[in-house]
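K.L.:
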Amino acid sequence: MTQPIQALNILGTAAPAVQPAVQAAAPEDGTVHEVVIVGSGPAGYTAAIYTARAEMNPIVIAGALDAGGALMTTTDVENYPGFPEGVQGPELMASFQEQAERFGAEVVYEDAVDLQLDGDVKTVTLDDGTVYRAKSLIITTGSAYRKLGVDGEEALSGKGVSWCATCDGFFFKDQDIVQVGGGDSAVEEATFLTRFGRTVTLVHRRDELRASKIMARRAEADPKLSFAWNSEIVRINGGDKVESVTLRDTVTGQERELATNAVFEAIGHLPRTDLVRGKLELDDEGYIVCQGRSTFTSVPGVFAAGDVVDHTYRQAITAAGTGCQAALDAERWLADRAAGIEAEAGDAEVQTVAADEQPAVEAVAR
């Protein structure tokens, strides 16, 4: 099976359909930027829009192969406001990026491999050796696909095991497909896969779906979609390709084998925080800890937004909202720092900015 065009890297972002021919210019020696945004997606691009409109000239480190986040592998997005007929995930992210670039944001298609967060000037080192220096950083690295962790999963990855129905579903036309999971993502992917598969079986460890009612009803009404309730995959079987899965009944413990040509997984995400592990405070699940209701992290001048801080909602619109917050927090923090004021996270959490002191990015035409 061919590698998906928008494969995920350490940033958890995905590449736009068409990348600009001209990349962001490499920084001159000693250049210190106002803000560098590490990651993209709804959070990163929204932060870029707001900081660019504030004339902070943001640099967005979007990844070597991928920019745009998980929405780049999503088909119909039906719950993003402003699109009554829905919108394709890649189309939505392309619009975000275009808007950020229109206001002056520069998007760099390289991977960040190291962050140095000590001192007044932070550094971001890319895999090509380029080093960006900045007074502030906004971390929007998102999350990665959670794996089953069963025998055969790694060996058959790319040989029938996939985490992206929109990338790989076509390769299993008129074949038998298993989709794992019970939430909105799993149900959406299973429904999408019925366009290609001869049969699609949704394997879920409970006896009812966790997906929204409208999506659950749609799936249950699909004649090509069947359900393996109270079941979990304990092994993926095959040599050069997937041939079957071994299912265990979560109630009785009994095992059975189900023939299939492909296994698609949608069982949640893990935060992409390897770059900041040991440098920022993380919670027990590995998410970046922010102070109160702000986007301030444990290091002054470093802010975080999107799925890398959110293990509750994980929606495009909430990610975009926290991207806006991070931009406002960073702008206010830099302004206070320039004025010699010690900015605290509590300022962002409990104080309301007076009308005549609104950040420049708030002056949005309505």
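Sequential numbering of the sequence shown, starting at 1, is according to full-length UniProt numbering.
By construction, the Cβ of each residue, glycine as well, lies at the ideal position given by its N, Cα and C atoms.
Fair warning: this is a prediction, and the values are worked out from it, not measured in the lab.
(1) Kindly confirm or deny that the region 141 to 161 and the region 289 to 308 touch, where touching means at least three C-beta pairs closer than 8 Å.
(2) Using 10 angstroms around the beta-carbon of G30, count the other beta-carbons present and answer buried if the total reaches 16, otherwise exposed.
(3) What span of residues does the beta strand (DSSP E) with K135 cover, start to end?
(4) Closer than 7 Å by C-beta to V87: which residues in its own chain qualify, once you throw out the five before and the five after it? Chain order, please.
(5) For K135, does the count of other Cβ atoms within 10 angstroms reach 16, so buried, or fall short, so exposed?
(6) Rounded to whole angstroms, what's the CA-CA distance from S231 to G239? Just pull it up for me.
(7) Rounded to whole angstroms, what's the CA-CA distance from E73 to E91? Just pull it up for me.
(8) Grab the span of the alpha helix (DSSP H) containing Y45 for me, first residue to last.
(9) Quick one: residues in its chain with C-beta nearer than 8 Å to the C-beta of K173, no 5 flanking neighbours on either side, listed in chain order?
(10) Taking the alpha-carbon of V245 as reference, which of A338, Q179, A43, S294 has the nearest alpha-carbon?
(11) Are the Cβ atoms of T194 and D168 separated by less than 7 Å?
(12) How about T46 and A320: are their beta carbons less than 7 Å apart?
(13) Span of the alpha helix (DSSP H) holding E331?
(14) Take the Cβ of Q325 as the centre, count every other Cβ of all protein chains shown within 10 Å, and call the residue buried at 16 or more, exposed below.
(15) Terminal residues of the continuous alpha helix (DSSP H) containing K224?
(16) Round the Cβ separation of V242 and E255 to the nearest angstrom and send it over; I've been treating them as touching at under 8 Å.
P.N.:
The answer reads as follows:
(1) yes
(2) Within the sequence shown, numbered from 1, the residue matching residue 30 stands at position 30. Exposed, by the Cβ-count rule.
(3) The residue given as residue 135 occupies position 135 in the sequence shown. Segment 131 to 139, the beta strand (DSSP E) holding K135.
(4) By one-based count along the sequence shown, residue 87 stands at place 87. So the list reads V77, Y80, once near-sequence residues are dropped.
(5) Reading the sequence shown from its first residue, position 135 is the one you call residue 135. When all chains shown are included, K135 counts as buried.
(6) Taking the first residue of the sequence shown as 1, we reach residue 231 at position 231. Taking the first residue of the sequence shown as 1, we reach residue 239 at position 239. Approximately 23 Å between the Cα atoms of the pair.
(7) Counting from one through the sequence shown, the residue named residue 73 turns up at place 73. Counting from one through the sequence shown, the residue named residue 91 turns up at place 91. In the sequence as displayed, the identity of residue 73 is Thr instead of Glu. If you take the alpha carbons of T73 and E91, they lie about 11 Å apart.
(8) Indexing the sequence shown from 1 puts residue 45 at position 45. Residues 41 to 53.
(9) Looking up residue 173 in the sequence shown gives position 173. Here the set comprises F196, G197.
(10) The count along the sequence shown starts at 1 and reaches residue 245 at position 245. Looking at the Cα atoms, Q179 is the closest of the given residues.
(11) Locating residue 194 in the sequence shown gives position 194, where the first residue counts as 1. Locating residue 168 in the sequence shown gives position 168, where the first residue counts as 1. In this structure, D168 does not lie closer than 7 Å to T194 by Cβ.
(12) The residue you call residue 46 lines up with position 46 of the sequence shown. The residue you call residue 320 lines up with position 320 of the sequence shown. Closer than 7 Å, so yes.
(13) Taking the first residue of the sequence shown as position 1, residue 331 is located at position 331. Segment 316 to 338, the alpha helix (DSSP H) holding E331.
(14) As a working note, residue 325 is residue 325 in the sequence shown. The residue in question, Q325, is buried, as its Cβ has 16 or more Cβ neighbours within 10 Å.
(15) For the purposes of this step, residue 224 is taken as residue 224 along the sequence shown, with counting starting at 1. First-last for K224: undefined, no H or E at that position.
(16) Position 242 of the sequence shown, counting from 1, holds the residue named residue 242. Position 255 of the sequence shown, counting from 1, holds the residue named residue 255. Actually they do not touch by this definition, with Cβ atoms about 18 Å apart.
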